[in-house]
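In UniProt numbering, the protein residues as written are 1 to 410. Built from N, CA and C at the ideal position, the CB exists for glycine as well.
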Amino acid sequence: MSHFAKPVSRFWFPLSLVLFEFAVYVSNDMIMPGMPLVTREFGATADMITLALTAAMLGNASLQWLLGPLADRFGRRRVLLSGLVMFIAACVTMHYVQTMSQFILLRFLQGMGCCFVLTVGYPTVHEAFEEKTAVRVMALMANVSLLSPMFGPLAGAAVVSYLSWRSIFWLIALVAVVSFVGLYRTMPELSRHDRSALNARSLWQGYRLPLSSTRFWRGAVLTGLAVTPLLTWIALGPVFLIERAGMSQMQYALLQLPVFAALILGNLLLSRQVGRWSNARVLATGVAAMLIGAAVSLIGTAILAPGYPALLVGTTLHAFGMGMCYGVVYRQSLFAVDSPNRATVAGMLSMITIVVAVAVIESMKLAYLHFGDAALGIGAMTAAALVAVLAANFVPPPAHDPLAHPARQP
Numbered sequence: 001m002s003h004f005a006k007p008v009s010r011f012w013f014p015l016s017l018v019l020f021e022f023a024v025y026v027s028n029d030m031i032m033p034g035m036p037l038v039t040r041e042f043g044a045t046a047d048m049i050t051l052a053l054t055a056a057m058l059g060n061a062s063l064q065w066l067l068g069p070l071a072d073r074f075g076r077r078r079v080l081l082s083g084l085v086m087f088i089a090a091c092v093t094m095h096y097v098q099t100m101s102q103f104i105l106l107r108f109l110q111g112m113g114c115c116f117v118l119t120v121g122y123p124t125v126h127e128a129f130e131e132k133t134a135v136r137v138m139a140l141m142a143n144v145s146l147l148s149p150m151f152g153p154l155a156g157a158a159v160v161s162y163l164s165w166r167s168i169f170w171l172i173a174l175v176a177v178v179s180f181v182g183l184y185r186t187m188p189e190l191s192r193h194d195r196s197a198l199n200a201r202s203l204w205q206g207y208r209l210p211l212s213s214t215r216f217w218r219g220a221v222l223t224g225l226a227v228t229p230l231l232t233w234i235a236l237g238p239v240f241l242i243e244r245a246g247m248s249q250m251q252y253a254l255l256q257l258p259v260f261a262a263l264i265l266g267n268l269l270l271s272r273q274v275g276r277w278s279n280a281r282v283l284a285t286g287v288a289a290m291l292i293g294a295a296v297s298l299i300g301t302a303i304l305a306p307g308y309p310a311l312l313v314g315t316t317l318h319a320f321g322m323g324m325c326y327g328v329v330y331r332q333s334l335f336a337v338d339s340p341n342r343a344t345v346a347g348m349l350s351m352i353t354i355v356v357a358v359a360v361i362e363s364m365k366l367a368y369l370h371f372g373d374a375a376l377g378i379g380a381m382t383a384a385a386l387v388a389v390l391a392a393n394f395v396p397p398p399a400h401d402p403l404a405h406p407a408r409q410p
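The following block contains the structure:
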């Protein structure tokens, strides 16, 4: 029997979950303006700055293969709360680091927190609510969590202007504690506590199904490529804006606002149009915006004049497109196979997505350090073109698409 017999709250449970998500993501965004200070304190080179993000992303990927079965065996509620406690501990421990290696290790552990949100929290939302409600809740959750890349750099810049960068992680730990209290009180237990979920044979059977699906692989790679231009902007921003362009931390933070405002706008449009537009129309609109943004970045950096203005405009357009279609792509990929263990599928989906994204980000970093701004424009165009190819006919035919029959015309 579920731990909660009463109906799942459409407000308090998503709000508590998104606070955890917010804390995980803001740990990336608040520290980025302070990364030049971190590298200088520990005597590290500027190319180590991106590791503040990619180490956290790899931490996210590290547990994806196991968290799904753990959630299916012991229940999602227990597993999620345990992960939240680990995240809080990693944030508090950051106060005591003495080397860059220790810093990167704790960033890796903090990144594991995102595993619990994506692999355990998100599937709970999808199974707790019917499809249209789930898509709306996910889109609105994304809007709240996306405040972190808008609020995070500004808050981080303000903190490091007056306090040590270590203070950032104390603030994040406080948010995570509030999330723990909310989830402890409101998170439902919907999984069935499958005792065979951690059996080696069962593990392989659970992963064999998505791994043998061409459609699942297509969606996972599509998702990873779709997020890389934006994540590259985040990871390399302190290098080409602060270190090379000579901006202050606050100037860097202000340049994040249009990018993530566009991302939120795309999510809001998705939330408004779900049930009016088909999945295919939503996806096509988002991909078109990504292609236009990539073209602006490419033309601006490789043909007109090197520098960040073209990248800013191009990444902003790309972010709008990503916000528009990410929820659709994620759900289509999650349900690409008919599996009784949805958390296992979600774990594999997130792991592949992250590995693809990290590989592209680190490749883009090397290309940028060797060839300059033009490499970022070329990389963005390549990623967008591959997204367009993979997105073609990705959604089911209209007869099998629950969102293909609008309740009312736009």
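query, result
"DSSP on Val-395, reduced to helix/strand/coil?", "coil"
"Which ranges would you report for the alpha helix (DSSP H) in the segment 260–331 if only whole runs of at least 4 residues count?", "279–298"
"Helix, strand or coil, according to DSSP, for Gln-98 in the structure here?", "coil"
"Tell me which same chain residues have a C-beta within less than 6 Å of the C-beta of Asn-393, skipping the five on either side of it?", "none"
"Tell me whether Val-395 is buried or exposed, calling it buried when 16 or more other Cβ atoms sit within 10 Å of its Cβ.", "buried"
"Counting C-beta neighbours from all protein chains within 10 Å, is the total for His-318 16 or more, i.e. buried, or is it exposed?", "buried"
"Put Gly-75 into one of helix, strand or coil per three-state DSSP.", "coil"
"Between the alpha carbons of Gly-113 and Glu-21, how many angstroms are there, rounded?", "8 Å"
"What's the C-alpha gap between Arg-408 and Gln-273?", "Confidence in Arg-408 is poor, its pLDDT being 41 and thus under 50, which makes the residue's placement unreliable; the coordinate value appears in the next sentence. Rounded to whole angstroms, Arg-408 to Gln-273 spans 10 Å at the Cα level."
"Use the C-beta contact count for Pro-123: other C-beta atoms within 10 angstroms, 16 or more gives buried, fewer gives exposed.", "buried"
"Compute the Euclidean distance between the alpha carbons of Ala-52 and Val-358, then round it to the nearest angstrom.", "12 Å"
"If you compare alpha carbons, which of Phe-74, Ala-139, Phe-151 and Met-86 is closest to Met-32?", "Phe-151"
"Looking at the secondary structure, which residues open and close the alpha helix (DSSP H) in which Asp-29 lies?", "12–31"
"What are the boundary residues of the alpha helix (DSSP H) that includes Phe-151?", "147–162"
"Drop a sphere of 10 angstroms on the beta-carbon of Leu-70, count the other beta-carbons inside from all chains shown, and report buried for 16 or more, exposed for fewer.", "buried"
"What is the C-beta distance between Ala-139 and Gly-327, in whole angstroms, given that I count them as a contact (C-beta under 8 Å)?", "5 Å"
"With distance defined between alpha-carbon atoms, name the residue in Ser-213, Ala-262, Ile-242 and Val-18 nearest to Val-137.", "Val-18"
"Look up Asp-47 in the DSSP assignment and say whether it is helix, strand or coil.", "helix"
"Using 8 Å as the threshold, is the segment 28–48 in touch with the segment 157–170, meaning 3 or more CB pairs across them?", "yes"
"Note the first and the last residue of the continuous alpha helix (DSSP H) segment covering Glu-127.", "122–128"
"Helix, strand or coil, according to DSSP, for Ser-212 in the structure here?", "coil"
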